[in-house]
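From first to last, the protein sequence lines stand for chains G and E. My numbering numbers the first residue of the first sequence as 158 and each following residue consecutively. My numbering numbers the first residue of the second sequence as 61 and each following residue consecutively. We put the beta carbon where it would ideally sit given N, CA and C, even for glycine. Taking it in order: structure first as structure tokens, then the write-up.
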Amino acid sequence: MTDLLLVAVVLTNFVLLGSSRLAACIRVAAAQGILVGVMPLILYHDAVSVRTALIAAAGITLKGIVFPWLFFRALRDVDVTREVEPFVGYTVSILIGVGAVAGSFWLGSRLVVPRPVPSAFVIPVAFSVIFIGLFLIVSRKTAISQALGYLVMENGIFAFGVSLALEEPFLVELGVLLDVFAATFLMGIMVFHISREFDHIDVGRLASLKDWTTRRYKS
Amino acid sequence: METVLIRGAALACALLFAPLLIGTINQTKAFFAGRRGPPLLQPYFDLWKLLRKGAVYSRTTTWVFRAGPIVGLAATIGAAALVPLGGLPAALAFEGDLLVAAGLLALARFFTVIAALDTGSAFEGMGASREVQFSALAEPALFLAFAALARATGALSLTEIYGRISVAAWMQSGPSFALVAAALGVVFLTENARIPVDDPNTHLELTMIHEVMVLDHGGPDFGFVQYGAALKMWVLGSLLVGILIPVRSGRWWLDGAAALEGMFWVAVGVGIVESVMARLRLLRVPQMLVGAGALCVLAIVLGMK
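Right under this line is the structure:
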């Protein structure tokens with residue numbers, strides 16, 4: 158059961174790397190958020206406390222419902238092209254994802270954990286989600302897909318936290334969630350403003366903000 | 061005596077029932093389209109018709125063109141002799157026969173391609189180029205799938221590997237098997253030129269892949285090509301069914317019946333996929349195949365805990 162869940166998380170990563178539609182990516186990231194949110198319930202299914210249930214509920218609500226809703230709103234308001242526009246092609250992205258998964262399993266086998274983890278796959282999978290989130294941030298052009306990469310990375314951090322320290326994660330978790338919330342909010346505002354000024358949210362073009370004449374770029 | 065019969069059963073099923081797969085797919089597609097469809101045995105009638113005809117050879121072709129269908133069919137029969145049907149053992153089994161089976165399938169493809177190039181037709185060259193491009197990506201996925209299965213079961217012969225895939229093995233490494241099955245499904249659709257990679261019904265040279273390569277074959281040669289294609293579908297389908305239907309009771313008739321039923325459902329599944337999906341753009345196909353390879357790598361990594 159646990160293994161199936163973790164495999165599903167890794168599969169959502171590959172879909173994120175391979176799909177070109179922004180809306181599809183948001184949906185898949187939401188599905189991944191729900192899978193990761195369910196994780197504490199399944200990992201510790203023999204001793205579900207109120208706090209575990211609360212963490213899971215908060216995770217599912219925020220990652221599975223609130224953030225995707227914000228993303229879809231941003232997508233609608235900004236009215237951008239609905240493509241991901243990667244710097245790195247989709248096929249190569251998937252190959253890099255395979256490399257990231259293999260690397261995280263190697264890393265997971267080397268890492269000394271302070272206490273026994275519920276499943277041998279949890280930590281490698283969490284690492285791979287973090288790495289792929291990072292890769293999504295650096296390899297995609299539009300600001301929205303970068304914010305999406307940030308969300309994926311946060312999923313990985315959540316999974317890592319849940320697997321390792323369920324005693325103390327609540328404070329950490331609140332902090333991280335707040336971070337992401339602020340980031341998404343800011344990104345939303347930023348995205349909105351950028352779209353107002355320049356009619357696009359392609360960060361590759363931020364480099365051309367050198368001088369006043371670039372305003373003519375608009376037309 | 062009985063063991064000899066059992067060892068021959070898988071190959072006999074492949075040789076006898078392979079065209080039935082095509083018939084089942086066509087029936088399923090007809091059902092979804094609301095038509096009556098051709099009779100279930102139509103592929104056999106077609107083969108019989110083609111075998112009675114004479115062949116016409118273009119003057120620009122050489123012996124390579126004539127050898128193509130014969131070598132292709134022979135190599136595919138060889139591969140069919142190595143592949144078990146679920147719990148039924150293959151006719152031949154030895155350590156490392158999975159490489160030989162994949163190699164024989166590659167040999168069949170090589171001769172189909174080189175016979176297509178021998179005609180000197182531009183369209184056939186284009187089809188050959190596409191076929192080689194896609195199979196170059198499908199083959200790593202196939203080998204990685206074999207590697208994952210060998211890793212999970214600890215055997216190096218197809219018969220042994222598939223003999224050890226049981227319900228208990230599924231309980232132990234279910235995720236790996238599911239990933240390998242998904243990847244083999246993609247390889248199955250690609251190698252057999254089915255939707256979403258190639259449309260077997262299209263008759264426009266610009267969009268065809270497999271069909272365009274065999275345009276110049278006629279009569280018995282074309283019959284060999286058709287029969288070889290059906291047999292190849294059976295071979296790859298039994299690789300898939302062996303994983304998906306883990307019935308290993310030890311009684312050969314029960315295992316064989318379960319595997320045959322699995323083949324039937326694979327054909328129905330292909331028919332459903334063809335009825336509800338459109339072809340992928342050619343540019344997206346390599347991506348799908350690399351994705352299949354990625355699934356296999358993941359299965360291998362999962363097996364190495």
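Who are the near neighbours of residue i in its chain, counting only those whose CB is closer than 7 Å to its CB and skipping five residues on each side?
| i | result |
| --- | --- |
| Leu300 (chain E) | Ala241, Leu244, Gly245, Phe248, Val326 |
| Met158 (chain G) | Ile199 |
| Thr121 (chain E) | Asp178, Thr179 |
| Pro103 (chain E) | Pro79, Ile82, Gly83, Ala290 |
| Gly194 (chain G) | Ala213, Gly216, Ile217, Lys220, Gly221 |
| Ser285 (chain G) | Val167, Asn170, Ala257, Val258, Ser261 |
Would you call residue i buried or exposed, if buried means 16 or more other Cβ atoms sit within 10 Å of its Cβ?
| i | result |
| --- | --- |
| Val167 (chain G) | buried |
| Thr169 (chain G) | buried |
| Val64 (chain E) | exposed |
| Ser20 (chain E) | Since the first residue shown for chain E is 61 and the last is 365, residue 20 (chain E) is missing from the structure and cannot be characterised. |
| Gly214 (chain E) | exposed |
| Arg373 (chain G) | At Arg373 (chain G), the pLDDT of 49 sits below 50, so the modelled position is not reliable and the matter cannot be decided from this model. |
| Pro273 (chain G) | exposed |
| Ala294 (chain E) | Looking at the sequence shown, residue 294 (chain E) is not Ala but Trp. Buried: at least 16 other Cβ atoms inside 10 Å. |
| Phe315 (chain G) | buried |
| Thr371 (chain G) | For Thr371 (chain G), the predicted structure reports a pLDDT of 48, less than 50, and the residue's modelled location is therefore unreliable. A value from the coordinates is still provided. Looking at its Cβ environment, which holds fewer than 16 other Cβ atoms inside 10 Å, Thr371 (chain G) is exposed. |
| Glu240 (chain G) | exposed |
| Val295 (chain G) | exposed |
| Asn261 (chain E) | exposed |
| Gly94 (chain E) | exposed |
| Ala69 (chain E) | buried |
| His202 (chain G) | exposed |
| His270 (chain E) | buried |
| Glu184 (chain E) | buried |
| Val185 (chain G) | buried |
| Lys89 (chain E) | buried |
| Glu348 (chain E) | Rather than Glu, the amino acid found at residue 348 (chain E) in this sequence is Met. When all chains shown are included, Met348 (chain E) counts as buried. |
| Gln303 (chain G) | buried |
| Ala165 (chain G) | exposed |
| Glu251 (chain E) | buried |
Excluding the 5 residues flanking residue i on each side, which residues of the same chain have their C-beta closer than 8 Å to its C-beta?
| i | result |
| --- | --- |
| Gly190 (chain G) | Gly216, Ile217, Leu219, Lys220, Gly221, Phe224, Pro225, Leu308, Asn312 |
| Val116 (chain E) | Gly278, Gly279 |
| Leu100 (chain E) | Leu80, Gly83, Thr84, Gln87 |
| Ala153 (chain E) | Leu142, Pro144, Ser217, Leu218, Thr219, Glu220 |
| Ile255 (chain E) | Leu249, Val333, Glu334, Met337, Ala338, Arg339 |
| Val270 (chain G) | Ile280, Leu321 |
| Pro346 (chain E) | Gln193, Phe194, Leu197 |
| Leu291 (chain G) | Gly306, Met310 |
| Thr209 (chain G) | Pro197, Leu198, Tyr201, Leu323 |
| Thr136 (chain E) | Leu164, Leu165, Ala168, Gly288, Leu291, Lys292, Val295 |
| Ala317 (chain E) | none |
| Ala187 (chain G) | Lys220, Gly221, Ile222, Phe224, Pro225 |
| Val173 (chain E) | Ala188, Glu191, Val192, Met273 |
| Glu321 (chain E) | Ile305 |
| Trp312 (chain E) | Ile66, Ala69, Gly147, Leu148 |
Please list the terminal residues of the continuous alpha helix (DSSP H) segment that includes residue i.
| i | result |
| --- | --- |
| Ala187 (chain G) | 179 to 200 |
| Met364 (chain E) | First-last for Met364 (chain E): undefined, no H or E at that position. |
| Ala277 (chain G) | Taken as a continuous stretch (DSSP letters only), Ala277 (chain G) belongs to no alpha helix (DSSP H), as it is neither H nor E. |
| Asp281 (chain E) | 279 to 304 |
| Pro273 (chain G) | Taken as a continuous stretch (DSSP letters only), Pro273 (chain G) belongs to no alpha helix (DSSP H), as it is neither H nor E. |
| Ser233 (chain E) | 227 to 251 |
| Ser309 (chain E) | Run containing Ser309 (chain E): none; DSSP gives neither H nor E here. |
| Met158 (chain G) | It is not in any alpha helix (DSSP H) - Met158 (chain G) carries neither H nor E in the DSSP assignment. |
| Val207 (chain G) | 207 to 216 |
| Val258 (chain G) | 247 to 267 |
| Phe194 (chain E) | 182 to 213 |
| Met273 (chain E) | 270 to 273 |
| Asp157 (chain E) | 157 to 178 |
Tell me residue i's beta-bridge partners as DSSP assigns them.
| i | result |
| --- | --- |
| Glu240 (chain G) | G:Arg178 |
| Leu148 (chain E) | E:Leu145 |
In chain order, what residues of the same chain have a beta carbon less than 6 Å from the beta carbon of residue i, not counting five sequence neighbours either side?
| i | result |
| --- | --- |
| Leu239 (chain E) | Leu355, Leu358, Ala359 |
| Ser276 (chain G) | Thr159 |
| Val131 (chain E) | Phe171 |
| Val274 (chain E) | Val285 |
| Glu183 (chain G) | Here residue 183 (chain G) turns out to be Ile, not Glu, going by the sequence shown. Excluding residues within five positions, the ones whose Cβ falls inside 6 Å are Pro225, Phe228. |
| Tyr247 (chain G) | Gly175 |
| Leu266 (chain E) | none |
| Tyr222 (chain E) | Pro144, Gly302 |
Any beta carbon from chain A within less than 9 Å of residue i's own beta carbon?
| i | result |
| --- | --- |
| Ile280 (chain G) | In the structure shown, chain A cannot be found, because the protein chains are G and E. |
Problem - Unbroken stretches of the alpha helix (DSSP H), 4 residues or longer, contained in the stretch 71 to 150 of chain E - result: 102 to 112, 123 to 142
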